[in-house]
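*Asks:* Dropping a structure here in structure tokens format, bear with me for questions.
Numbering (this note's numbering), first residue to last: 1482 to 1639.
Written out as structure tokens, the structure is:
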């Protein structure tokens, strides 16, 4: 079953998005508080330079993030300041204008989710995918939607 286009919005600079990452078949995403800390560390490592996070919620079988994409100019500046040996191939391609901002961010999100999945699998001695693909990203198009989304994300655990 294909996912509707509105649930896999194209990432654009300085825009807000509701990101939802769900596990396959409702599998448990976190076994310990340390899993949650590690998940957020991986999130920051892969995405912290590219997005601003306004709200998030970690639930048993999925997570929600409200993010704003940084400007292309600021991302280029950050990547240029980093040694070339420290950049991923996709990051270098972005600087060389061979991939779009959307492709760069999708790759960063995918790298984050794969990184967490590998660690989680090692921790639990399991194999295979953990997250549904593709992860959902919904464009937030107006201030009312933004405000309601912040309330929704923070109230979701209740």
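Think of the CB as a built atom: it goes at the ideal place given N, C-alpha and C, for glycine as much as any other residue.
Around the Cβ of residue 1544, are there at least 16 other Cβ atoms within 10 angstroms (buried) or fewer (exposed)?
*Replies:* Buried, because 16 or more other Cβ atoms sit within 10 Å of the Cβ of residue 1544.
*Asks:* Report yes if the CB atom of residue 1542 is closer than 7 Å to the CB atom of residue 1566, and no otherwise.
*Replies:* Going by C-beta atoms, residue 1542 is not nearer than 7 Å to residue 1566.
*Asks:* Would you list the one or two residues that DSSP bridges to residue 1538?
*Replies:* DSSP output for residue 1538 lists 1545 as bridge partner(s).
*Asks:* Report the rounded CA-to-CA distance for residue 1495 versus residue 1557, giving the unit in angstroms.
*Replies:* Roughly 14 Å separates the two Cα atoms.
*Asks:* Taking the alpha carbon of residue 1508 as the point to measure from, which residue in 1639, 1620, 1611 has its own alpha carbon closest?
*Replies:* The residue with the shortest Cα to Cα distance from residue 1508 is 1611.
*Asks:* What does a CB cutoff of less than 6 Å around residue 1530 pick up in its chain, not counting 5 residues either side in sequence?
*Replies:* So the list reads 1559, once near-sequence residues are dropped.
*Asks:* In whole angstroms, give me the CA-to-CA distance for residue 1549 and residue 1626.
*Replies:* Distance between the alpha carbons of residue 1549 and residue 1626: 14 Å.
*Asks:* Since residue 1623 contacts residue 1491 with CB under 8 Å, what's their CB separation in whole angstroms?
*Replies:* At roughly 18 Å, the Cβ-Cβ gap does not stay under 8 Å, so residue 1623 and residue 1491 are not in contact.
*Asks:* Decide if the region 1517 to 1529 is in contact with the region 1588 to 1600; the criterion is three or more beta carbon pairs, one per stretch, under 8 Å apart.
*Replies:* Touching, yes, given that three or more Cβ pairs across the two stretches are closer than 8 Å.
*Asks:* Are the beta-carbon atoms belonging to residue 1631 and residue 1562 less than 7 Å from one another?
*Replies:* No, Cβ-Cβ distance for residue 1631 and residue 1562 is not below 7 Å.
*Asks:* Out of 1502, 1568, 1551, point me to the one whose CA is closest to residue 1540's CA.
*Replies:* Comparing Cα-Cα distances from residue 1540 to each of 1502, 1568, 1551, the minimum goes to 1502.
*Asks:* Does the beta-carbon of residue 1533 have 16 or more other beta-carbons within 10 angstroms, so that it is buried, or is it exposed?
*Replies:* With fewer than 16 other Cβ atoms within 10 Å, it is exposed.
*Asks:* State the CB to CB distance for the pair residue 1538 and residue 1634, rounded to an integer number of angstroms; the pair is presumed to be in contact (CB under 8 Å).
*Replies:* At roughly 5 Å, the Cβ-Cβ gap stays under 8 Å, so residue 1538 and residue 1634 are in contact.
*Asks:* When you compare each of 1511, 1527, 1515 to residue 1586 by their alpha carbons, which one comes out closest?
*Replies:* If we check each option's Cα against that of residue 1586, 1527 comes out closest.
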